[in-house]
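Report on the structure given below.
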Amino acid sequence: MELLKHFTLMASYNHRMNTQFTDVIATLSDEEINEDLGAFFSSIIGTLNHILIGDIIWLSRFSAHSSKYQTLKNILELPKPNGLADILFSDFSSFKIARDKVDLLLLHWLKSEADENDFAKKLAYINTQGTKSNRNFGELVCHFFNHQTHHRGQLSTLLSQKGLDVGSTDFLMEIPERKKIFPS
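Count along the sequence shown from 1, then add 692; that gives the number in our numbering.
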């Protein structure tokens with residue numbers, strides 16, 4: 693499997709999922725979006741912000757991996773989180789604008805600047821607790837996408853408890869169909 697192609701598919705999936713989720717969440721009142729539902733990040737807006745904070749932190753780290761990654765430098769224009777539970781965007785409309793911006797930057801980076809060979813290299817970074825780390829870049833990108841999927845699962849549960857359906861959340865929809873292998 694070519695990682696760049698896979699990550700580009702994951703970024704497309706990520707964008708589709710975030711759009712589906714924000715379209716459904718936009719039907720809720722501000723009170724419902726901010727209501728403490730007993731979730732790990734308390735509310736729908738808390739969980740949305742946590743996913744975005746993870747993206748900002750990781751994409752900021754990724755931006756330092758190569759001088760070619762000019763698109764990711766735009767992440768540095770977003771508010772810098774102080775903690776993983778911060779509410780960077782309490783207003784859903786502002787959140788949605790930032791979410792879409794990050795998703796489009798991610799897609800552009802993968803389609804225009806990233807190179808397959810980049811993912812075999814190491815990325816040195818300092819985590820949120822101040823611990824230095826040096827890990828395989830491709831595996832970190834896998835973690836980046838896995839983090840989003842994990843917390844969107846939590847959001848899906850919160851929305852389901854409110855009787856809302858976000859539609860198909862299967863990654864399968866992004867995987868291109870290949871030529872037939874079964875006889876007619």
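Backbone N, C-alpha and C define an ideal beta-carbon position, used for all residues, glycine too.
Along the chain, where does the alpha helix (DSSP H) that runs through R870 open and close?
-> The residue given as residue 870 occupies position 178 in the sequence shown. Under the DSSP assignment, R870 falls outside any alpha helix (DSSP H); it carries neither an H nor an E label.
Contact set for L856: own chain, Cβ-Cβ below 7 Å, skip 5 residues either direction | By 1-based counting over the sequence shown, the position of residue 856 is 164. The beta carbon of L856 sits closer than 7 Å to those of V716, all from its chain and outside the five residues before and after it, given in chain order.
The region 826-844 / the region 762-774 touching (three or more Cβ pairs under 8 Å) = Counting Cβ pairs under 8 Å, fewer than three are found: no touch.
Sort R844, L851 and L850 by Cα distance to M709 and report the nearest one.
-> Taking the first residue of the sequence shown as 1, we reach residue 709 at position 17. For the options R844, L851 and L850, the alpha carbon positioned closest to that of M709 is the one of R844.
Closest residue to Q821 among S860, L776, E723 and S734 (Cα-Cα distance) | Numbered from 1 along the sequence shown, position 129 holds the residue referred to as residue 821. Ranking S860, L776, E723 and S734 by Cα distance to Q821 puts L776 first.
Taking K788 as part of the beta strand (DSSP E), name the residues at either end of that continuous run.
-> Counted from its first residue, the sequence shown places residue 788 at position 96. Per DSSP, K788 belongs to no beta strand (DSSP E); it is in the alpha helix (DSSP H), F784 to S804.
Whole-angstrom C-beta distance between I737 and I779, which should lie under 8 Å = The sequence position of residue 779 within the sequence shown is 87, counting from 1. The sequence position of residue 737 within the sequence shown is 45, counting from 1. Between I779 and I737, the beta carbon gap of about 7 Å places them in contact (Cβ cut-off 8 Å).
CB contact flag (I743, L847, <9 Å) | Looking up residue 743 in the sequence shown gives position 51. Looking up residue 847 in the sequence shown gives position 155. Note that the C-beta distance between I743 and L847 is below 9 Å.
Output yes or no for whether 9 Å exceeds the beta carbon distance between K824 and A816.
-> Here residue 824 corresponds to residue number 132 of the sequence shown, with the count starting at 1. Here residue 816 corresponds to residue number 124 of the sequence shown, with the count starting at 1. Taking the C-beta atoms as reference points, A816 is found nearer than 9 Å to K824.
Report the three-state DSSP secondary structure of K697 (helix, strand or coil).
-> As a position in the sequence shown, residue 697 is number 5, starting the count at 1. Of the three classes helix, strand and coil, the one that applies to K697 here is helix, per DSSP.
Quickly, what does DSSP pair S825 with across the bridge? List them, please.
-> Counted from its first residue, the sequence shown places residue 825 at position 133. According to DSSP, which records beta bridges pairwise, S825 is partnered with Y817.
State the DSSP-derived secondary structure class of S759, mapped to helix, strand or coil.
-> Within the sequence shown, the letter at position 67 stands for residue 759. Coil, per DSSP.
Please name the residue in A703, L729, H757 and H698 whose C-alpha comes closest to that of V794.
-> Numbered from its first residue, the sequence shown carries residue 794 at position 102. Among A703, L729, H757 and H698, the Cα nearest to that of V794 is on A703.
By Cβ distance below 6 Å, which residues in the same chain neighbour F811 in space, the five residues on each side in sequence not counted?
-> Within the sequence shown, the letter at position 119 stands for residue 811. For F811, same chain residues with a beta-carbon under 6 Å away, outside a window of 5 residues either side, are L695, F829 and G830 in chain order.
Run of the alpha helix (DSSP H) containing D810, from where it starts to where it stops = Looking up residue 810 in the sequence shown gives position 118. Segment: none, D810 is in no alpha helix (DSSP H) and carries neither H nor E.
For I745, is the classification buried or exposed, using 16 other Cβ atoms within 10 angstroms of its Cβ as the cut-off for buried?
-> For the purposes of this step, residue 745 is taken as the residue at position 53 of the sequence shown. The residue is buried, with at least 16 neighbouring Cβ atoms inside 10 Å.
Closest to S852 by CA distance: which of D722, F699, H698 and L729 is it?
-> Reading the sequence shown from its first residue, position 160 is the one you call residue 852. Ranking D722, F699, H698 and L729 by Cα distance to S852 puts L729 first.
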